[in-house]
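Participant: Reading the sequence shown from the start, the letters are residues 48 to 152 in the numbering used here. Idealized CB from N, CA, C, for every residue including glycine.
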Amino acid sequence: MINQTELENRIKKLMHIVLPQMRSRGVVLQKEFNELLDCMEQLTKLSKDQEIISKRLAFNLFFFYTKVNMTFEYYITDEEAKGDLLVRLYEQTMNLLSSGSYLEL
């Protein structure tokens with residue numbers, strides 16, 4: 048079974064693989080992007096009882112989400128892929144950051 052630190056490191060590594068390809072080539076590496084989302088889901092399950100996550104992880108998630116959002120806007124032309132992947136990334140990011148407890152407004 049993979050532990051939390053290994054998942055965090057894998058997520059960071061995948062971010063460094065996915066984002067440059069999106070920006071330089073205008074393509075989404077589907078396999079790596081899906082693996083990243085899967086790692087985020089696994090990490091959400093592992094950390095579900097934790098009230099606090101590391102600042103580094105929170106920053107990496109925020110940074111990656113905002114960069115992907117901007118990159119999709121300027122570099123990716125496949126509108127269907129943009130919508131699907133961005134929604135999935137948003138959901139996994141929010142699940143991981145909130146551990147399933149959403150704010151009620």
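What would DSSP say about T91, mapped onto helix, strand or coil?
Facilitator: Reduced to three states, the DSSP call for T91 is helix.
Participant: So, is T124 buried or exposed, given that buried needs 16 or more other C-beta atoms within 10 angstroms?
Facilitator: So T124 ends up on the exposed side.
Participant: Only counting the same chain, and skipping five residues up and downstream in sequence, which positions put a Cβ closer than 7 Å to that of A128?
Facilitator: Cβ within range, chain order: V75.
Participant: By the three-class DSSP mapping on this structure, what secondary structure does Q97 have?
Facilitator: Coil, per DSSP.
Participant: Among T118, Q139, M87 and D131, which residue has its Cα nearest to the Cα of P67?
Facilitator: Selected option, being the one with the closest Cα: T118.
Participant: Check L61 in the structure and name its three-state DSSP category.
Facilitator: Helix.
Participant: Is it true that the CB of L136 sits closer than 8 Å to the CB of A105?
Facilitator: Cβ distance not < 8 Å, so A105 and L136 don't count as in contact.
Participant: Closest to V115 by C-alpha separation, out of N50, T140 and K92, would be which residue?
Facilitator: Comparing Cα positions, the closest option is T140.
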